[in-house]
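**Student:** The structure's right below; bear with me while I get my questions together.
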Amino acid sequence: MATIKASCLCCGLVELSPADLTLMVCSHAPLSYYSFKCPDCGSAVRKPADDHVVSLLISGGVPAIVWDLPAEALEVKHGPALTYDDLLDFNAAISDDDMLAELAGAGS
Ligand SMILES: [Zn+2]
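Set out below in structure tokens:
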């Protein structure tokens with residue numbers, strides 16, 4: 000079985016088996032990454048994986064999991080960003096049981 004060397008921010012270089020790694024290959028290549036749990040300190044480590052890293056990991060026996068980025072994630076957003084006040088207002092609106100009951104009963 001191949002030994003794969005990767006670096007942990009806390010421990011430096013660590014040795015892993017292919018089963019220790021998760022390789023997530025995205026349809027939007029810059030978002031591909033690999034991750035593992037450091038065998039020394041237990042930290043969760045996640046790093047970007049460019050085409051070269053993806054090829055190396057696959058050739059080392061790490062199975063690739065392909066995922067698609069939802070199209071809306073790359074949409075250009077217009078208008079002002081939501082604020083904390085907007086979220087608080089929204090939370091207050093959906094927390095109003097009387098309003099929800101009224102809406103639920105509106106169709107009957
Ligand atoms: Zn570590």
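In numbering that gives the first Met the number 0, the protein residues as written are 0 to 107.
Note that beta-carbon positions come from the ideal geometry of N, C-alpha and C, so glycine has one too.
1) Can you tell me which of the three DSSP states A43 falls into?
2) CA-CA distance, A105 and S34?
3) On the CB-based measure, 16 or more other CB atoms within 10 Å of its CB, does V44 come out buried or exposed?
4) Kindly provide the ranges of any alpha helix (DSSP H) runs that are 4 or more residues long and lie completely inside the region 37–96, ordered along the chain.
5) So does the region 21–33 actually touch the region 60–67, counting three or more Cβ pairs closer than 8 angstroms?
6) Please classify L8: does DSSP put it in a helix, a strand, or coil?
7) Mind checking V75: buried by the 16 CB within 10 Å criterion, or exposed?
8) Within 10 angstroms of its Cβ, does C7 collect 16 or more other Cβ (buried), or is it exposed?
9) Below 7 angstroms CB to CB, which residues in the same chain sit around D85 once its five sequence neighbours on both sides are set aside?
10) Where the beta carbon is closer than 6 angstroms to any heavy atom of ligand 3, which residues qualify, in chain order?
**Tutor:** By the coordinates alone:
1) In the sequence shown, counting from the first residue as 1, residue 43 sits at position 44. If DSSP states are grouped into helix, strand and coil, A43 belongs with the strands.
2) What you label residue 105 is simply residue 106 of the sequence shown in a count that begins at 1. What you label residue 34 is simply residue 35 of the sequence shown in a count that begins at 1. If you take the alpha carbons of A105 and S34, they lie about 49 angstroms apart.
3) Residue 44 sits at position 45 when you count from the first residue of the sequence shown. Flag for V44 reads buried.
4) 50–58 and 83–94
5) yes
6) Along the sequence shown, read from residue 1 onward, the residue named residue 8 stands at position 9. Three-state result, L8: coil.
7) Residue 75 sits at position 76 when you count from the first residue of the sequence shown. V75 comes out exposed.
8) What you label residue 7 is simply residue 8 of the sequence shown in a count that begins at 1. Burial call: buried.
9) Locating residue 85 in the sequence shown gives position 86, counting from the first residue. No residues qualify anywhere along the chain.
10) The ligand content of the structure shown is limited to ligand 1, which means ligand 3 is not among them.
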